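For reference, the structure is listed below as structure tokens.
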Amino acid sequence: MEPRIIQKMTTITSACGTVETVAVRRTESCDAQQIDDLINPSTVAVFGRVHVIHLLERANLAVTVANAENEVLGHASFFDYPVGDIVDQAHWEPFLHRNFSTEKCTTLNTLFLHLFVAQSSFATASVTEIIRAVFNVVTELQYICLVSPNISRLEPALDELFVPMKCLRDPGPQCLAFVCHRHTHCPALHVRRARVEDHDDLTHIFTEQSKELSASWGPFYLAELIQSQDHLNHAAVCESGGIAVGFISVSGDIDFDLLNESFELSVFDGLYKQQPHQDLSKHGLYKQQPQQDRTSKHAPRGDRSDGGISTDTQVSAPRDPAEKVSDEEEEQTEESLMRGDASEHPPQSDQSAAGNHRQHATEQAEQGKKPSEQGEVMHVSPSSWTEDEVLVSPPSETAEQENTHAADVPSASGRSGSPKQPNAFCIRLFVIDKSYEMRSVDFLPYVFTLFPDRDYCVITLATLTPEFPLIQNFVRVTPHPSSTLHQELYIFHRAALLKCVAVRPALSADRPAVSAMVERLSMHQSLSADRPAQSADRPAQSADRPAVSAMVERLSMQQSLLEDLDVFCHARRDPDGTPVQAFVAEVQSQIVGILIIRNEEDMEYVRSHYNVEDFIYFSQHRYEDHARLCHFLLLPAFQRHTKHIMKEALRLAHKTCLYYRVYPPSCHTQAPYALNLLSRKLSMEPKVSINARLVVVGASDTALSCLEALVFCPHLWFNNVTLISTHGYLGNHDHNNDDISFLSTSHGYSSRDCVHLASVVRVVSGTMVAIDREAKHISVSGDRTVPYDHVVLCTGLQYQVPCPTGVDLNRPITNSQLLARPQRGYTGHVPSNLFTLNDRQDCTALRLWLSSNFMELDDNAIVYGNSLDVYTCVEALLSLGIQGSRIHLVLSPPSPSTTTTTTTGNNSTTCRCLADPEVEKAVARALEKAGVRVHRDCLLARMNGGEQIPVEPLASVAFTTDTQPLHLTCGVFINLSSRAVDPHAFRSVSDACLVFDGRLVIDSRFRTNDASVHAAGPLTKFSRRYRADSTAHSCFSSAEVGRELAAALLALFDPTLEPEPAAPDLLVPDSDRLVPVYTRPRVQGGRLPGGYNYLRIAKPSIPDPTVGPSFIQQGTDVVTGRVETGNYFHLRLGRYETVEGVTCLSLKPLPVSNYLCLYGKHQRLLNHLSSRYDQGLVHDLYSFFRETWCMALYHDRFTDFEQEIKQIIESAKAQGRRGGAGSMTTEDSPKLSLQLLDSSGGLAALRSSTLNYLQYNRNHLPMYALPGML
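If you read the sequence shown in this note's numbering, its first letter stands for residue 8, the second for the next number, and so on.
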């Protein structure tokens, strides 16, 4: 189902009998014009004049009925307050209760209709479908009200559905007041105890799963399940029209110990009753003396919470809901919940819990059947959810110890031996007809009456099970990092059945309750952090630092919450004048949560640095409409209401947008930070939770780009994404940091870009040492395992310790005389002064070692390799103050496939990295000036004279060259050579029987020969059947490859996309598929000797044997400045006058992001660069690209603007061909092209699109004149 679709395609009939196939979906901004065209005088008479875009931006829920051609047939917008200014939006509830008989209307169960428009012939059908869809999608909704100050007759379509509210005062307020009840459109399902007679009604729902269920349970599993009910095992059905449409089986027999070993349940007291000595009711937050726990959420994604502190409020579920629930029945339900009344429980069976189910499992075991699948936790837990919305799982075998006491179960015994009272029951089997799936929650009140002494309902799901409506009401529990269980645990607390969650401004009198909540939060989180509990004192260890740091940070945040609450209570604003607002959430007059916000005062910075305008129209929000979430604390029992609480805070505070900042661990007050957004129109927008365990190995540009694309997917939320990396997130891309300037940069990602990833992605620091494809887990150094459902290998290539050739240098020998041999891996002892640099941590370790052991000595520093990194490393050594005469740059022979030959005068040099001869000459002069000695075409032959016994430290090295051997003394050896697949990665891949042919073999969809193992980046190559050895991922931009990898993975996870077809056999040629070719440039940069800032942006190098050298060399070079003056700029225009390469060498910092925007642009778009250069008008490209005319090109939304322009042109061409201009080609006269655009309306559309782009981004582009300004 599409993320915007509310109700799948259905048919409606107009008043004149026309039948249309329509979909009910969420309204898009592109529908605004059609909606505006449907507004008529009768609409204005009821709802007043409306600005459609403004209305859509602020509506909590906007719904549209559209046909197959996307034509809008009807639309409705719903808010959480009445129309107009009849009452302030923060005070509508007392106004409505005071004037009308609406005492049951609350902020949780009520929405207001602010606009309804429709084509006249489809008005009745459209409003009926919309109302039904809204009641279905908002499960808590009971009333839709129409309250408007505009007194007028309702149009007939609305008059049929809405009934007048009973006025309590005479005269009453001058307004329209109508209401529409849920039970007339989407009644609650009647839930009762299951009977054997229900079997026939339920059979068709199980049809597609019958084979799987029969294989696991036997042919009569459903009838046996219904018959075997007892006081621990129950089954119930829900009815519609007297026919069973859903089934649920619940049990109190749970393996609590296994759950506690696998999930973070300490904050839920391990799902056991709290012992009397642990009772925390002395704090007085509850009247019924329950256990009271709290948790904190500091992120606005509360609807996807994965844990928290429990509260065992002793309440009971309401009695069986009838087909239509009246107001009186609702009142009785609430009273029952408040009393904890359990008097209306259904009759219990006399059968034993150790009866039919265990007997059936034993019989199956004797027959050779598998009664359970590996990793299942409960007596029966869900394992799959099919297209028919059937969620089932076979029964699991129980331990002998459980059989001995399960019949009476007054208590459960933990493995410690102490008796514990169980406080949870589980859902073993659940199924419902997909037509009623949104009413799955109707089961929950009934099943809680079956276990009046237990407060938690739990359910486990296989990690690959898609989320379904019932689970959306549960809270996901965080697994332990060491858990290998292939299931997810969800919890629902009895208190969440209460439907009286109210939000109000905080008062000074609330501080004791809030303080007690924070105190318990600190205690429970400390207990969780200490698992397993250790009572013995011991000296602090270095491994304790992260836990201690987290504890200090947590205590600081808790103290900050109380301080901000005091600020609100005393002054309502900070000392600097920033308004502060605090709200508390209440249930039955008891505080269950608190939320504190401030006005967002840095909106210009936010708008400039974050893509908030991808989600909101900024022009439709005032500056004072934006707020920042500072603190959010909520009991887990009510975390299903998180979005409602935040929506209420927006309403009460008169805000429309709420932001939450995520700072890096080292900084909590300054930018950059990750930013989360919740706006009014997103407050009822669903997110699809993905529980599949996705493990990414390696923190390369490819991996980070893939993770970024997945994490920022707006309608998905990934719960189980893990990154395995040697040192966590890589920061070696930020070449401005002194610690990492030893290496060059791809300008892809820096540590600041990983702030948001760090808040979502779990990081395991270590090295992959094995892949167990059968058990589906990865072994990591340190005897750790990480389970996976899908794994992505993006380890890339790393510099390896060079293996000396070992030749005898006592007799003269040259490189040409060496026998060709495959590259060998070094397996000997690595001297302490030999450093191989691959990431930031390696560079930091080198710098610290140099400061302690090398700076004051006179030994040589040898830099060995042949890449851009060797030059940046030499510059770093010079910057540290090491004399150039102590530095030896030893260049190994370049790889033949990547060499570039340049000729200057009589000298011919070969270099793999400095492709521009001017840059090479400048670097050579800088090295000579600094006194650095350069040795070319050298192969490492011996270390320490070739002694077999390791000698510390490395004192001498010898190389073979094209002439005489080279012998050097060595104080430190910095290795930047032998880039290859990491030995651990190679061993893991080969031992797992993944096809490796020099590189890891993949297909065009990034799959290896194992469908659950994907790979991308330089580690990989395409299968030989593609005949594409020259188009490996190493030829392209790693970031672009990562984004395409994410797109391939989304096809597996995103339910809104078409399902991924079955993986083809890699041994069978796949002639229908082509290898993907990428277009983004490859980027290299760094600081070179001489203090030069270097940047190279180049077109991907894809060898094409069908293209001759003359074709490749076609193009134009635009060069300004000189390397001697430090302002060299070389821009390469290709055959079609588009930018294909940029080379910069400057003594000043470079605006890299701006120059990246130049790639692929036509020279005419660059202010007619070619003609201006030919005329001698461009003397300095640095100054030329700083002029104000090019600011629009640097804007992050310019790419979207380009795509819009291309679509307009293509549309105009298509229209021209239909109009008889089909013979026109791209080589026709430009005048004819303009005529075609003009005649088809394309030229006007181009002008309008350009003006809209400039107008919308006026805050960043004030230098462009718009119509009416002159």
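A virtual CB, placed ideally from N, CA and C, is assigned to each residue, including glycine.
What you are looking at is a predicted structure, and each value in this text was computed from that prediction instead of being measured.
For T821, the three-state secondary structure derived from DSSP is coil. The beta carbon of C713 sits closer than 6 Å to the beta carbons of G1049, L1052 and A1053 from its chain, once the five residues preceding and following it are set aside; these are given in chain order. Beta-carbon to beta-carbon, A39 and V59 are separated by about 5 Å, close enough to satisfy the 8 Å threshold.
Under the three-state reduction of DSSP output, V1130 falls in the coil class, being neither helix nor strand.
In the three-state DSSP reduction, V57 falls in the coil class, being neither helix nor strand. Beta-bridge analysis with DSSP links W856 to no other residue.
9 Å or more divides the Cβ of A83 from the Cβ of V170.
Judged by DSSP secondary structure, C713 falls within the alpha helix (DSSP H) whose first and last residues are D708 to V718. The residue from I869, L640, H1175 and L864 with its alpha-carbon nearest to that of L841 is I869.
In this structure F185 is in contact with L161, their Cβ atoms being roughly 7 Å apart against a cut-off of 8 Å. Looking at the DSSP output, D779 shares a beta bridge with H784. Looking at the backbone, the Cα of A125 and that of C37 are separated by about 16 Å. In chain order, S1256 place their CB closer than 6 Å to the CB of E1211, counting only its own chain and leaving out the 5 sequence neighbours on each side. Only buried fits N267, as 16 or more other CB atoms lie within 10 angstroms of its CB. When rounded, the separation of the alpha-carbon atoms in S522 and L569 is 7 Å. The three-state reading of DSSP puts M610 in helix, counting H, G and I together. Ranked by Cα distance from G1249, the options C720, S1218 and L1258 are led by S1218.
Nearest C-alpha to A987 among L451, K1213, Q807 and D1245: Q807. In its chain, beyond the 5 residues on either side, F107, S108, T109, A184, F185 and V186 have a beta carbon closer than 7 Å to the beta carbon of M172. A direct Cα-to-Cα measurement between S753 and T802 gives close to 16 Å.
For Q96 and V57, the gap between their C-alpha atoms comes out near 17 Å.
Spatial neighbours of R635 in its own chain (CB-CB distance under 8 Å, excluding positions within 5 residues in sequence) are listed in chain order as I604, R605, N606, E607, L665, Y666, Y667 and R668. Between L844 and I889, the C-beta spacing is not below 9 Å. Separation of the CB atoms of T34 and L80 is rounded to 13 Å, and the pair is thereby denied contact status at 8 Å.
In its chain, beyond the 5 residues on either side, S1160, N1161 and C1164 have a beta carbon closer than 8 Å to the beta carbon of Y1201. No Cβ-Cβ contact shorter than 9 Å links I598 with V508.
9 Å or more divides the Cβ of V574 from the Cβ of V454. Beta-bridge annotation (DSSP): G735 is paired with T733. Counting C-beta pairs with one atom in each stretch, the region 1031-1045 and the region 820-835 have fewer than three that are closer than 8 Å, which means they do not touch. The alpha carbon of F639 has as its nearest neighbour, out of L572, M950, V767 and D449, the alpha carbon of L572. A distance below 7 Å between beta-carbons, with the five flanking residues on each side excluded, links V837 to the following residues of its chain, in chain order: V808. Within the same chain, and ignoring the five residues on either side of I137 in sequence, the residues whose Cβ sits closer than 7 Å to its Cβ are V31, V70, V72, G81 and A83. Secondary structure of A883 (DSSP, three-state): helix. In this structure, the CA atom of R1014 is about 14 Å from the CA atom of L701. Its chain contains V1130 and Y1135 as the residues whose beta carbon lies nearer than 7 Å to that of E925, once the 5 sequence neighbours on both sides are disregarded; these appear in chain order.
Going by DSSP, S696 is part of the beta strand (DSSP E) stretching over V695 to I697.
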